[in-house]
Amino acid sequence: MPRIEEIDLHPWGWETDPEEERFRLSTLDYLTTKTFTTVAVIFKIEASQKEMVTELFKESIARTLSQVRHMIGTIEKDADGQHSIVRKRGTTIKFVVQHLDGPEDTYPSFAEMEKAHFTSDVLGDADKLSHPPMTFGPKPEADPDNSPPVMAFKLNYIPGGMILMLPTHHYANGLVGFTSFIHQIADWCYALVNKTDHPLFDPRNLDRTLFTNLGFETAEASEEPSTETSGSAPAPGRALPVSSPPRHRRSHSLLFHVPKSKAAQLKKLATPADGSWITTYNAICAMMWRVFSRIREPLYNPGRDYTPIFGTGVTLIKKIPNMPERMQGNMQFDINSTTSHLPQFTLGEIISDVPLSKLASYIREMTESVTPKMLAVELQKVAHKRGKENLSISADAFPLMALYITDWRSSNFCDFDFGFASPTAYRHVFGTIPLSQCVVYPAHRGPAGDDEGIELQVTFEEELMADLLNDPEWNRYFEFRGVDTMAEGGMKPKL
Numbered sequence: 001m002p003r004i005e006e007i008d009l010h011p012w013g014w015e016t017d018p019e020e021e022r023f024r025l026s027t028l029d030y031l032t033t034k035t036f037t038t039v040a041v042i043f044k045i046e047a048s049q050k051e052m053v054t055e056l057f058k059e060s061i062a063r064t065l066s067q068v069r070h071m072i073g074t075i076e077k078d079a080d081g082q083h084s085i086v087r088k089r090g091t092t093i094k095f096v097v098q099h100l101d102g103p104e105d106t107y108p109s110f111a112e113m114e115k116a117h118f119t120s121d122v123l124g125d126a127d128k129l130s131h132p133p134m135t136f137g138p139k140p141e142a143d144p145d146n147s148p149p150v151m152a153f154k155l156n157y158i159p160g161g162m163i164l165m166l167p168t169h170h171y172a173n174g175l176v177g178f179t180s181f182i183h184q185i186a187d188w189c190y191a192l193v194n195k196t197d198h199p200l201f202d203p204r205n206l207d208r209t210l211f212t213n214l215g216f217e218t219a220e221a222s223e224e225p226s227t228e229t230s231g232s233a234p235a236p237g238r239a240l241p242v243s244s245p246p247r248h249r250r251s252h253s254l255l256f257h258v259p260k261s262k263a264a265q266l267k268k269l270a271t272p273a274d275g276s277w278i279t280t281y282n283a284i285c286a287m288m289w290r291v292f293s294r295i296r297e298p299l300y301n302p303g304r305d306y307t308p309i310f311g312t313g314v315t316l317i318k319k320i321p322n323m324p325e326r327m328q329g330n331m332q333f334d335i336n337s338t339t340s341h342l343p344q345f346t347l348g349e350i351i352s353d354v355p356l357s358k359l360a361s362y363i364r365e366m367t368e369s370v371t372p373k374m375l376a377v378e379l380q381k382v383a384h385k386r387g388k389e390n391l392s393i394s395a396d397a398f399p400l401m402a403l404y405i406t407d408w409r410s411s412n413f414c415d416f417d418f419g420f421a422s423p424t425a426y427r428h429v430f431g432t433i434p435l436s437q438c439v440v441y442p443a444h445r446g447p448a449g450d451d452e453g454i455e456l457q458v459t460f461e462e463e464l465m466a467d468l469l470n471d472p473e474w475n476r477y478f479e480f481r482g483v484d485t486m487a488e489g490g491m492k493p494k495l
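Position 238 of the sequence shown, counting from 1, maps to 238 under full-length UniProt numbering, and the rest follow consecutively.
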């Protein structure tokens, strides 16, 4: 059995904190996924550093929680049926240290994980690494009516390294806010190690009215208790044309790498002839949509006139003026091809009938369509709704052949200097197979060196995996790095 130490960590200066602080959730918080997220940040360290690293994180986390004040506490129901994060004087956060590097332990080493590209299968069991019940998935413990904790911290020491697990409730922060929170911890670590000035934190980062009072939620800002209920009503961007429950085939999670040089070639291929602007990311998404649709079409045979769904999350912080640098909260909006103003592509068009540049431009237009004015209209539709927790998105509910892309390129944890080291890689440890989904990771300190590019974690049907892995068009740009997670009873693909 691994040695485990668990403490209840107080924020720095908690003795003089207010008796209670409440941080009201915004509608944008409800529109995300109602789940705990389980981020793993992976460091290469020596065994001799363990005690120093543990004490450093204890102090850095305690000091950060005295600044980023909503990241400790529980989510509680307000009198009007909405929810707030509640922090009380004396509230503590779980800080757990697990030693998986003892003489009797057989846990994979950092070197073994690095060789396997840090896939979920080699990282190990999600429950063991994280802090149950704060693991990913639509579970009762994550329901906001059940007083879920906002966050915990767990340091897992492995031979030659450490996996910092960061289980957190998604209602507390989106990708941008969470990345900024971890950046603040890194800055504290660096300052304490190097004895430099302590990092400041602008209190405006906690003021969600900076992006909820811009016309997005004017009704909610002066909201009175409403008798109207939302039940299971879909949120903006959630109404999906599902005539019957999806019958998903057994699928596995695969990891691919896109070298920078290959991405540049793909962007050139997908750039419109008239020179109109697309990003490299748009080109990658377009090729993914085309190849996946082509390979899946014979299996599901929906007809060439079928309109499969493409969806993605759009980060809002750069669309809203004068946001402080480390703004907290969920600042993203999910949009898909059924809810944008753009006409949908048919399966035949996606597979071959339109040039790749048109698909890339479509994806560019879809994300650009999310504007403050558009958000104001969409969010007003649910501003007075009760039961907003029922608005949360679930990629598993998308119909067959849908592709939903989660873009995590801005979570650049590997660029952060923690004083003793910078992370080598990070992963989201799902502990399950996320259906209809692709996760895009930023480049990390990988084996391609200067040509290291983004990575894609994609879910693909078992019976089609060999077709994808042997597809010439796909292999021209995407390098297979291994099976990330195998579904129970599954078989690895033959190359």
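Virtual Cβ for every residue (Gly too), placed ideally from N, Cα, C.
It should be emphasised that the depicted structure is a prediction, and the values quoted were computed from it without experimental measurement.
H117 sits close to R481, with the two beta carbons spaced by under 7 Å. Secondary structure note for C438: it is in no alpha helix (DSSP H), and the uninterrupted beta strand (DSSP E) holding it is Q437 to Y441. Cβ neighbours of K88 within its own chain (closer than 6 Å, five residues either side excluded): E20. The shortest CA-to-CA distance from N205 to any of V53, D127, G329 and A283 is the one to G329.
DSSP places S60 within a helical segment (H, G or I) once states are collapsed to three. No residue range can be given for K388, since it is assigned to no beta strand (DSSP E) and is classified by DSSP as neither H nor E. Contact annotation: A270 and L400 have beta-carbon atoms that are not nearer than 7 Å. Within the DSSP bridge table, the entry for D407 names V440 as partners. Secondary structure of Q82 (DSSP, three-state): coil. Secondary structure note for I93: its beta strand (DSSP E) is the uninterrupted segment I93 to H99. The secondary-structure analysis by DSSP pairs N336 across a beta bridge with G311. For E378, the uninterrupted alpha helix (DSSP H) run begins and ends at P372 to Q380, by DSSP.
Just so you know, the alpha carbons of S340 and V377 end up roughly 13 Å apart. Rounded to whole angstroms, the separation of the alpha carbons of A286 and R296 is 15 Å. The way I'd put it, the region 118-131 doesn't touch the region 70-78; fewer than three beta-carbon pairs between them come closer than 8 Å.
The C-beta distance from Y426 to V39 rounds to 6 Å, short enough to meet the 8 Å contact threshold. For the pair G13 and S60, the CB atoms are not nearer than the 7 Å cut-off. In the assembly as shown, P423 is a buried residue. Its beta-carbon has 16 or more other beta-carbons within 10 Å.
Across the set H257, L9, T54 and D187, the C-alpha of D187 shows the shortest separation from the C-alpha of G419. The alpha-carbon separation between H83 and M465 amounts to approximately 43 Å. Inclusion of H170 and T32 in the CB contact set at 7 Å is warranted, their separation being smaller than that value. With a cutoff of 7 Å on beta-carbon distance, M162 and K154 are scored as not near each other. Collapsing the DSSP output to three states places E46 in coil. Just so you know, the alpha carbons of W289 and T92 end up roughly 45 Å apart. Your pair I320 and F211 checks out as a contact, with CB atoms roughly 5 Å apart and the cut at 8 Å. Going by DSSP, G73 is part of no alpha helix (DSSP H) at all; its letter is neither H nor E. Excluding its 5 nearest sequence neighbours in each direction, D396 has C-beta neighbours in its own chain below 6 Å: L435, listed in chain order.
G275 is the residue among G275, D121 and P324 whose C-alpha sits nearest the C-alpha of S361.
Taking 8 Å as the upper bound for CB-CB distance, L254 and D484 are in contact here, some 6 Å apart. Membership of A263 in the alpha helix (DSSP H) is indicated by the continuous run K260 to A270. Taking the C-beta atoms as reference points, T135 is found nearer than 7 Å to A126. An exposed status is given to W277, since fewer than 16 other beta-carbon atoms sit within 10 Å of its beta-carbon. Using a 10 angstroms sphere on the CB of L200, the tally of other CB atoms stays under 16, which defines it as exposed. By the 16-neighbour rule on beta-carbons within 10 angstroms, T209 is exposed. Annotated three-state conformation of H248 is coil, per DSSP. Here the alpha carbons of R445 and K94 stand approximately 30 Å from one another.
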